[in-house]
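Going by our numbering, the sequence shown opens with residue 1, and the numbers climb by one from there.
The structure appears right after this line, and notes come after that.
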Amino acid sequence: MFSEKDLVERSVEDMAAEVEELLKDAKSQKEQHDAALEKEMQLRIQSVETRPKDPELAEKLWLEAEELRESSREMLRRSMEDRLRAAEVQHRIDIHDLIESIDDSDEVWRKAAGARRG
1 MFSEKDLVER SVEDMAAEVE ELLKDAKSQK EQHDAALEKE MQLRIQSVET
51 RPKDPELAEK LWLEAEELRE SSREMLRRSM EDRLRAAEVQ HRIDIHDLIE
101 SIDDSDEVWR KAAGARRG
(Lines of atoms letter the chains of each structure in order from A; the text may use other names.)
(Lines give C-alpha, C1' and ligand atoms only; values in the text may rest on other atoms or scores of the structure.)
Protein backbone atom coordinates (compact mmCIF):
# COMPACT_ATOMS: atom_id res chain seq x y z
CA MET A 1 0.00 0.00 0.00
CA PHE A 2 2.87 2.37 -0.65
CA SER A 3 2.38 5.35 -2.86
CA GLU A 4 4.77 7.72 -4.57
CA LYS A 5 4.11 10.14 -1.71
CA ASP A 6 5.97 7.74 0.59
CA LEU A 7 9.16 8.31 -1.39
CA VAL A 8 9.15 12.10 -1.04
CA GLU A 9 9.93 14.03 2.11
CA ARG A 10 6.81 15.85 3.25
CA SER A 11 5.91 18.16 6.08
CA VAL A 12 3.79 17.05 8.98
CA GLU A 13 1.13 19.48 7.78
CA ASP A 14 1.05 17.81 4.35
CA MET A 15 0.73 14.39 5.94
CA ALA A 16 -2.01 15.61 8.30
CA ALA A 17 -3.90 17.05 5.31
CA GLU A 18 -3.56 13.68 3.55
CA VAL A 19 -4.94 11.86 6.60
CA GLU A 20 -7.90 14.24 6.71
CA GLU A 21 -8.58 13.80 2.99
CA LEU A 22 -8.29 10.01 3.18
CA LEU A 23 -10.70 9.82 6.11
CA LYS A 24 -13.15 12.11 4.32
CA ASP A 25 -12.97 9.91 1.20
CA ALA A 26 -13.36 6.76 3.29
CA LYS A 27 -16.47 8.15 4.95
CA SER A 28 -17.95 9.12 1.59
CA GLN A 29 -17.25 5.66 0.13
CA LYS A 30 -18.85 4.02 3.18
CA GLU A 31 -21.95 6.20 2.85
CA GLN A 32 -22.22 5.31 -0.84
CA HIS A 33 -21.80 1.64 0.06
CA ASP A 34 -24.63 1.85 2.59
CA ALA A 35 -26.90 3.64 0.11
CA ALA A 36 -26.14 1.05 -2.58
CA LEU A 37 -27.01 -1.79 -0.18
CA GLU A 38 -30.32 -0.14 0.64
CA LYS A 39 -31.10 0.32 -3.06
CA GLU A 40 -30.09 -3.29 -3.72
CA MET A 41 -32.54 -4.53 -1.11
CA GLN A 42 -35.34 -2.40 -2.58
CA LEU A 43 -34.64 -3.80 -6.06
CA ARG A 44 -34.70 -7.38 -4.77
CA ILE A 45 -38.03 -6.81 -3.03
CA GLN A 46 -39.41 -5.18 -6.16
CA SER A 47 -38.12 -8.08 -8.25
CA VAL A 48 -39.82 -10.67 -6.05
CA GLU A 49 -43.09 -8.73 -6.09
CA THR A 50 -42.93 -8.24 -9.87
CA ARG A 51 -42.03 -11.84 -10.78
CA PRO A 52 -45.63 -13.21 -10.99
CA LYS A 53 -46.75 -10.36 -13.27
CA ASP A 54 -43.62 -9.69 -15.35
CA PRO A 55 -40.82 -12.27 -15.05
CA GLU A 56 -38.63 -10.45 -17.57
CA LEU A 57 -38.74 -7.18 -15.62
CA ALA A 58 -38.19 -9.10 -12.40
CA GLU A 59 -35.03 -10.65 -13.85
CA LYS A 60 -33.75 -7.23 -14.97
CA LEU A 61 -34.34 -5.85 -11.48
CA TRP A 62 -32.54 -8.80 -9.91
CA LEU A 63 -29.54 -8.36 -12.21
CA GLU A 64 -29.42 -4.66 -11.43
CA ALA A 65 -29.42 -5.54 -7.73
CA GLU A 66 -26.49 -7.91 -8.34
CA GLU A 67 -24.53 -5.16 -10.10
CA LEU A 68 -25.23 -2.80 -7.21
CA ARG A 69 -23.99 -5.42 -4.76
CA GLU A 70 -20.70 -5.72 -6.66
CA SER A 71 -20.19 -1.97 -6.88
CA SER A 72 -21.04 -1.55 -3.19
CA ARG A 73 -18.40 -4.14 -2.31
CA GLU A 74 -15.85 -2.17 -4.32
CA MET A 75 -16.86 1.02 -2.50
CA LEU A 76 -16.40 -0.71 0.84
CA ARG A 77 -13.01 -2.07 -0.23
CA ARG A 78 -11.83 1.41 -1.25
CA SER A 79 -13.15 2.84 2.01
CA MET A 80 -11.14 0.32 4.00
CA GLU A 81 -8.01 0.98 1.91
CA ASP A 82 -8.36 4.71 2.54
CA ARG A 83 -8.72 4.10 6.28
CA LEU A 84 -5.66 1.85 6.33
CA ARG A 85 -3.63 4.39 4.37
CA ALA A 86 -4.75 7.16 6.75
CA ALA A 87 -3.66 5.03 9.71
CA GLU A 88 -0.24 4.45 8.12
CA VAL A 89 0.31 8.16 7.49
CA GLN A 90 -0.95 9.03 10.99
CA HIS A 91 1.54 6.51 12.40
CA ARG A 92 4.34 8.35 10.59
CA ILE A 93 3.12 11.64 12.05
CA ASP A 94 3.08 10.10 15.54
CA ILE A 95 6.63 8.79 15.09
CA HIS A 96 7.77 12.22 13.88
CA ASP A 97 6.18 13.89 16.91
CA LEU A 98 7.79 11.37 19.25
CA ILE A 99 11.22 11.96 17.73
CA GLU A 100 10.77 15.71 18.03
CA SER A 101 9.75 15.41 21.67
CA ILE A 102 12.84 13.32 22.39
CA ASP A 103 15.03 15.87 20.60
CA ASP A 104 13.42 18.68 22.63
CA SER A 105 13.92 16.87 25.92
CA ASP A 106 17.62 16.34 25.14
CA GLU A 107 18.02 20.09 24.60
CA VAL A 108 16.17 20.86 27.85
CA TRP A 109 18.45 18.48 29.76
CA ARG A 110 21.56 20.08 28.23
CA LYS A 111 20.37 23.56 29.14
CA ALA A 112 19.48 22.46 32.67
CA ALA A 113 22.89 20.81 33.13
CA GLY A 114 24.62 23.94 31.81
CA ALA A 115 22.61 26.26 34.08
CA ARG A 116 23.51 24.21 37.13
CA ARG A 117 27.20 24.53 36.42
CA GLY A 118 27.10 28.27 35.89
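All C-beta atoms, glycine included, are put in the ideal place defined by N, C-alpha and C.
Item, Value
"Span separating the alpha-carbon of residue 94 from that of residue 82", "18 Å"
"Same chain, Cβ closer than 6 Å to residue 44, neighbours up to 5 away in sequence not counted", "65"
"Backbone CA spacing between residue 24 and residue 73 [nearest angstrom]", "18 Å"
"Residue 61, buried or exposed, once every other Cβ within 10 Å from all chains shown has been counted against 16", "buried"
"Helix, strand or coil at residue 9 [DSSP, three-state]", "coil"
"Which of helix, strand or coil DSSP assigns to residue 53", "coil"
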